[in-house]
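Take 1 as the starting number for the sequence shown in the UniProt record's numbering and just add one per residue.
In what follows, a structure is listed as C-alpha cells, so that the remarks can point back to it.
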Amino acid sequence: MSDYIHELRKEVGNRPIILSTSGAVLIDNNNRFLMQHRTDNDTWGLPGGVIELGETVEEAARREVFEETGLTAYDLKLFNIYSGEDQHYTYPNGDEVYYICITYYTRTYEGKIKIDGIESKDIRFFDVNNLPKNISKPVKCIVNDIVNKITNESV
1 MSDYIHELRK EVGNRPIILS TSGAVLIDNN NRFLMQHRTD NDTWGLPGGV IELGETVEEA
61 ARREVFEETG LTAYDLKLFN IYSGEDQHYT YPNGDEVYYI CITYYTRTYE GKIKIDGIES
121 KDIRFFDVNN LPKNISKPVK CIVNDIVNKI TNESV
C-alpha cells in the first residue's frame with residue numbers, strides 16, 4: 001500500500017474511497033492475454049495499480065506492469081476507462097474502494113516474467129476460451145471487453 005493510501009486510510013478507515021488506477025493488457029502472438037494471480041485477494045486480475053502522485057496514467061501503467069510481471073510494455077494504446085458500481089470492491093480487510101480504471105493494451109513488450117511472491121502467486125497468458133474461474137470482480141468487465149475485442153476485431 002502506498003504512503004498516500006496509507007495516510008488516507010488513517011483518516012477515513014474502511015469507508016469507501018475513489019482511487020484512480022492504470023494498467024495494461026499484454027497480448028501475445030497467439031491472442032492470449034496476461035493475467036496475474038494476486039496474493040492479496042486470491043483472485044486473477046490484470047497488471048495494474050494505483051497512480052502515484054505526480055505520475056501520468058501511462059507512466060503508472062508501465063510501472064505497474066514492470067513491478068508486477070518483470071515485463072517492459074511499449075506502444076500502449078488506450079483500451080477503455082472503467083468506473084461506477086462495477087468497479088466497487090471490498091478488500092478482505094474491509095477497505096472499500098471505487099476504482100476509476102484506465103486500461104491500455106499492447107502487443108509490444110519484452111523481458112522475462114518474474115513472479116515476486118508478494119503481489120503475485122502466478123502470472124501467465126490465457127486463451128480467451130480457457131480463462132481462470134476466480135477473476136476479481138472489478139476486472140471481469142475488462143476481461144469480457146478484451147475477449148470480445150480479441151475475438152471480433154484485430155488488436
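Beta carbons: idealized from backbone N, C-alpha and C, even for Gly.
Let me confirm a value: residue i is counted as buried when at least 16 other C-beta atoms fall within 10 Å, else exposed. Which label applies?
i: Pro-47; result: buried
i: Leu-53; result: exposed
i: Ser-2; result: exposed
i: Thr-106; result: buried
i: Thr-103; result: buried
i: Val-25; result: buried
i: Ile-81; result: exposed
Can you tell me whether DSSP reads residue i as helix, strand or coil?
i: Val-57; result: helix
i: Leu-46; result: coil
i: Val-143; result: helix
i: Tyr-91; result: coil
i: Ile-150; result: helix
i: Val-12; result: helix
i: Ile-18; result: strand
i: residue 195; result: This structure cannot speak to residue 195, because the chain is shown only from 1 to 155.
i: Ile-81; result: strand
Please go through the same chain and pick out, in chain order, the residues whose beta-carbon is closer than 7 Å to the beta-carbon of residue i, but skip the five residues on each side of it.
i: Thr-151; result: Val-128
i: Thr-39; result: Ile-118, Glu-119, Ser-120 and Lys-121
i: Pro-92; result: Asn-41
Using the Cα positions of residue i and residue j, report the straight-line distance between them to the nearest angstrom.
i: Phe-79; j: Asn-31; result: 16 Å
i: Ile-5; j: Glu-67; result: 18 Å
i: Gly-84; j: Asn-144; result: 16 Å
i: Asn-14; j: Thr-108; result: 38 Å
i: residue 163; j: Gly-23; result: A query on residue 163 cannot be resolved here, the shown segment of the chain reaching from 1 to 155 and no further.
i: Asn-29; j: Tyr-74; result: 15 Å
i: Ser-20; j: Val-50; result: 6 Å
i: Thr-72; j: Ile-135; result: 24 Å
i: Thr-43; j: His-37; result: 6 Å
i: Ile-18; j: Glu-58; result: 19 Å
i: Lys-133; j: Lys-140; result: 10 Å
Give every residue of the same chain whose Cβ lies closer than 6 Å to the Cβ of residue i, excluding the five residues on either side of it in the sequence, and list them in chain order.
i: Pro-138; result: Gln-87, Tyr-89 and Tyr-99
i: Lys-114; result: Gly-70
Could you tell me which residues DSSP pairs with residue i in its beta bridges?
i: Asp-122; result: His-37
i: Asn-134; result: For Asn-134, which the question treats as bridged, DSSP gives no partner whatsoever.
i: Thr-108; result: Tyr-74
i: Gly-23; result: Gly-48 and Thr-103
Is residue i near the ligand GTP, with its Cβ less than 6 Å from a heavy atom?
i: Leu-46; result: With respect to the ligand GTP, the structure offers nothing, as it holds no ligand at all.
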